[in-house]
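Right, one structure below, let's go through it.
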Amino acid sequence: MKPHKLNRRDFLRRSAKGTLGFGIGLSRLSRDNEVFQNYPSIKEYRKLGRTGFLVSDIGSGIPYSEAVLKAVIDSGVNFIETSESYDNGRNEILIGKTIKNLNREKLFIATKLNISLGITMSQDEIYTRAEESRKRLGSGYIDLYMMHQAQSILKVSDRNFHRACDRLRKEGKIRFVGLSCHGSFWWQEQGGSLEDILIAAIEDGRYDVLFFPYNFLDPGMGERILARCKAANIGTMIMKSNPVGILESYESVLKRGDELGFLEQKDYETKKIQMEKAGNFFRKYGMTGTEDLKRGAYRFILSNDNVSTICCRFRNFSDIDMYVGLSGSRLNEKENLLLAEFRESLGFLNCRIGCNKCEKSCPVHLPVSTIMRYYYYSQALSEQETASSLYRNIGNNESGICRKCQGHCEKACPHNVAIRFLLADAHRQLSKIT
Ligand code: SF4
Ligand code: SF4
């Protein structure tokens, strides 16, 4: 797709139409447009594996409004990702409305079937669900139909899913098949790790594209999977690219020291020293905030040529500036040092998404990695309500048991993550939102 630039007048006219249609006030619009004067465009397109489609290196994950999505597409982004479960199908409808009068062939749209958490579906049900997604998207076909959150090796080869996909493909309703994965819900032998599940998907041979977490904090697994995908000509979509957001929440928890539980208090002084180290880290690099780190986190991913696209969440017009502005760039030497030092001195603040290594040590079987993923939604992506509602479905943790526990998981963590502290804060943050 040829990158396209709107002139400012066109942009104002089109976004005003879309924004008003979505019920956001004019004052907000004019504020956003001020931010949006230097309109960036996509600079690099990459092959999405065997689909052969050239997708923008920056893709759109979960669009937030028609106006913003329209501007995102106008900036040259041609890859859009959603799911039947986002906003109960309304997110697919939003995309359908936005692309209605656009050249469909120039866009690549992926949606997902929510088949996770032990859900079993018949072939007919999967076929019907795909058709409903296609209709909501207002399109004759779905470019990529994905299994959402495959949580075990067994799920990868779900017979009904593949049979339904075969039929949909033959009828031209879907073009390619994919799988997304955050790892298993809780550590269990038959579930497998994130890497086990993704390798099973590569070896299965029927998946054209895989969608998984990869970031600079724990790059080894991601790099192995990306290399395997490249060898098998499988396209790759990256999520959970920016692990920096947790840092800000940790700082605010420490400022509220009086809210800490008894065992957390014991850790408090240690954590304070660690955070002073963080302060030194920021001073050393002359940083007043985390923006440089966030940009570095995205450039780290773009520097890996085995990545096809990063799915970024564009919440407003300013996000176009931020994410599309990164297109075509690579990590520079200063950022490389910054990320390496962040990993070294502040890596204890982030649970590695998809890692389940400590879970078998938990006497009450809490899904540590899953809870930390919801915490990430809340702290790094500001998705508090969604995170809270997912958290409430977990069970086992009604009383915030981690606050009183000796922290078996923390002792078992190979990355020395301050996990008991983070779990206690996750409980505090996620259980109070209704
Ligand atoms: S706390 Fe450590 S071992 Fe446990 S899931 Fe997180 S990174 Fe993995
Ligand atoms: S702090 Fe204790 S209860 Fe909480 S996850 Fe770790 S081991 Fe389980």
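All residue numbers for the sequence shown refer to this note's numbering, where the first residue is 4 and numbers rise by one. In this text, a Cβ means the ideal position worked out from N, Cα and C, and glycines have one as well. Predicted, not measured: the structure shown is a model, and the values here were computed from it.
Boundaries of the alpha helix (DSSP H) around P222: P222 to A234.
By the criterion of at least three beta-carbon pairs nearer than 8 Å, the stretch 97-109 is not in contact with the stretch 120-133. Every alpha helix (DSSP H) stretch that sits fully inside the stretch 83-143 and reaches 4 residues is listed by chain position as 93-102 and 126-139.
Put simply, of P222, S155, S160 and R137 the residue whose alpha carbon is nearest the alpha carbon of D199 is S155. Distance from the Cα of K109 is smallest, within the candidate group V80, G92 and I122, for V80.
With 16 or more neighbouring CB atoms inside 10 Å of its own CB, G299 falls in the buried class. In the structure shown, D146 falls within a strand segment according to DSSP collapsed to helix, strand and coil. Counting of Cβ neighbours within 10 angstroms places R162 among the exposed residues, the total staying below 16. For V180, the enclosing beta strand (DSSP E) has its first and last residue at I177 to S183. Nearest to R209 by C-alpha distance, out of L340, R53 and L384, is R53.
Look at the beta carbons and you see the stretch 201-208 not touching the stretch 323-330: under three pairs across the two are nearer than 8 Å.
When S311, R178 and S196 are compared, the shortest CA-CA separation from I241 is found for S311. Inclusion of R346 and L305 in the CB contact set at 8 Å is not warranted, their separation being larger than that value. DSSP, reduced to helix, strand and coil, places S385 outside both helices and strands of the structure shown, so it counts as coil. Judged by beta-carbon spacing, N309 lies beyond the 8 Å limit of L182, meaning their Cβ atoms are not closer than that value. When C-beta atoms of the stretch 92-101 are compared with those of the stretch 144-160, fewer than three pairs fall below 8 Å, so the two segments do not count as touching. In this structure, DSSP gives I241 an extended state, which the three-state scheme calls strand. Rounded to the nearest angstrom, the gap between the Cα atoms of N218 and F179 is 26 Å.
Taking the CA atoms as reference points, C416 sits about 21 Å from L342.
Counting along the chain, the unbroken beta strand (DSSP E) around G62 starts and ends at I61 to G64.
E226 sits close to N307, with the two beta carbons spaced by under 8 Å.
S364 has its Cβ nearer than 7 Å to a heavy atom of ligand 2. In the structure shown, the three-state DSSP call for T293 is coil.
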